[in-house]
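Residue numbers for the sequence shown, in this note's numbering: 66 to 323.
Below you'll find the structure, written out as structure tokens, and then a few comments.
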Amino acid sequence: MTTPDPLPALIAPFVDDPGRAVLLTDFDGTLADIVDDPASARPRPGVTSVLAKLASRYARVWVVSGRPVAFLLTCLAGTGVRLSGLYGLEWVEGEEIVTHPDAERWRATVADAAARAEAAGPDRMRTEHKGLSVTFHYRGEPELREQVRAWAEGEAARTGLVVHLARMSFELRPPVDRDKGTAVVDAGAGMAAVCFLGDDAGDLPAFDALDRLAAAGAHALRVGVRSREAPAELLDRADVVVDGPAGVVLLLEKLAGP
Ligand SMILES: [Mg+2]
């Protein structure tokens, strides 16, 4: 006897009633393959067309990323999806990039932390200044991890910025209560079905928020994207696990319906 495929039942509330359904997705590792040079990341083939189709059918389709929203615009402008960058500290409204008012006053502090890291941070740590956040990468240099963590924690103590664990990196962000979980709560308010797709530790707050929406009666779908670097906790908590961004495209096509 074969086990029935659970996927159709999991996605039916979305496909059958997209006007009361929301999709939120991460970008790197989810819509785009992970690459060594973050600037060269691009959506997988098929992503922009399926996002446009979803945006025309669903109540809300949001991309929520740790990237600056200006970068997301270069990849996803014209799809009709809402773009939210720096974990919700900035987003696009019409043609304009809007920043969270509580985060804006930290811009100079973040710039100072980025400059200090360039000048005096651990050797081979790579600093990515994103405007309202700064990321310290150890990609390709796993032995640097604890040095990079110590640097980030020291800078957080000095500045009041907050350390977040990210993919092969530590990130300093303003102490503003925005993450992928608050995005899920905002987008999912009043909706019957809410889905989030992600591949990394920064996506766990979105799964936490889905747990709360599910407890309140919504149909929640947690999609984990498998990769070499995907944390076990994320995959364990996922209702559906897909293989890399290519698997995401196949799932999004199913969610878009016929
Ligand atoms: Mg990711």
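Every residue, glycine too, gets a C-beta built ideally from N, C-alpha and C.
Fair warning: this is a prediction, and the values are worked out from it, not measured in the lab.
Considering only the alpha carbon of each residue, which of the options lies closest to residue i?
| i | options | result |
| --- | --- | --- |
| Glu155 | Asp98, Pro166, Gly145 | Pro166 |
| Leu320 | Ala178, Leu116, Pro69 | Leu116 |
| Ser105 | Gly186, Gly263, Cys140, Ala124 | Cys140 |
| Val134 | Ala168, Arg293, Ser149, Ala124 | Ser149 |
| Glu236 | Tyr152, Gly186, Val228 | Val228 |
| His194 | Glu183, Ala280, Pro108, Gly309 | Glu183 |
| Leu316 | Thr68, Thr67, Thr90 | Thr90 |
| Pro187 | Ala77, Arg214, Arg172 | Arg214 |
| Ile76 | Leu278, Phe272, Ala257, Ala271 | Ala257 |
| Thr95 | Arg291, Leu300, Asp301 | Arg291 |
| Pro240 | Ala271, Glu169, Val126 | Glu169 |
| Pro270 | Val250, Leu197, Thr113, Glu161 | Val250 |
| Asp352 | Phe136, Glu208, Arg189 | Outside the modelled stretch of the chain, which goes from 66 to 323, sits residue 352, for which no answer is possible. |
| Gly322 | Pro78, Arg109, Ala285, Pro296 | Pro78 |
| Arg238 | Leu278, Ile162, Leu197, Ala248 | Leu197 |
| Val335 | Gly84, Thr68, Gly225 | There is no way to answer for residue 335, as the model of the chain reaches only from 66 to 323. |
| Gly145 | Leu88, Gly131, Ala295 | Leu88 |
| Arg331 | Leu138, Ala252, Arg122 | Since the first residue of the chain shown is 66 and the last is 323, residue 331 is not available in this structure. |
| Ala176 | Gly255, Leu226, Ser121, Asp242 | Leu226 |
| Arg287 | Trp171, Val306, Ala295 | Val306 |
| Trp171 | Thr200, Thr224, Glu211, Asp268 | Thr224 |
| Asp101 | Arg204, Val112, Pro110, Glu158 | Arg204 |
| Leu151 | Glu160, Glu158, Gly143, Thr164 | Thr164 |
| Ile162 | Arg147, Arg243, Asp81 | Arg147 |
| Ser114 | Ala142, Gly131, Asp98 | Ala142 |
| Leu299 | Ala86, Asp268, Val313 | Asp268 |
According to DSSP, which residues form a beta bridge with residue i?
| i | result |
| --- | --- |
| Glu236 | Thr200, His229 |
| Val134 | None, per the DSSP bridge assignment. |
| Ala379 | Lying outside 66 to 323, the shown extent of the chain, residue 379 is not represented and no answer is given. |
| Trp216 | Per DSSP, none; premise fails for Trp216. |
| Arg287 | Phe261 |
| Val128 | Thr90, Leu148 |
Consult DSSP for residue i and reduce its assignment to one of helix, strand or coil.
| i | result |
| --- | --- |
| Pro108 | strand |
| Asp308 | strand |
| Asp93 | strand |
| Gly322 | coil |
| Pro296 | coil |
| Ile99 | coil |
| Asp301 | helix |
| Thr68 | coil |
| Val241 | coil |
Consider the Cβ of residue i: report whether some Cβ of chain C lies at a distance smaller than 8 Å.
| i | result |
| --- | --- |
| Ser114 | In the structure shown, chain C does not exist; there is a single protein chain. |
If you measure from each CB to the nearest heavy atom of ligand 1 and keep those under 7 Å, what residues do you get, in chain order? Answer in sequence order: Asp91, Phe92, Asp93, Gly94, Thr95, Arg232, Gly263, Asp264, Asp265, Gly267, Asp268.
4-residue-minimum alpha helix (DSSP H) runs that sit fully inside the stretch 137-207, ordered along the chain: 166-169, 172-185
My parser needs the beta strand (DSSP E) runs of 3 or more residues fully inside the stretch 247-284; what are they? 258-263
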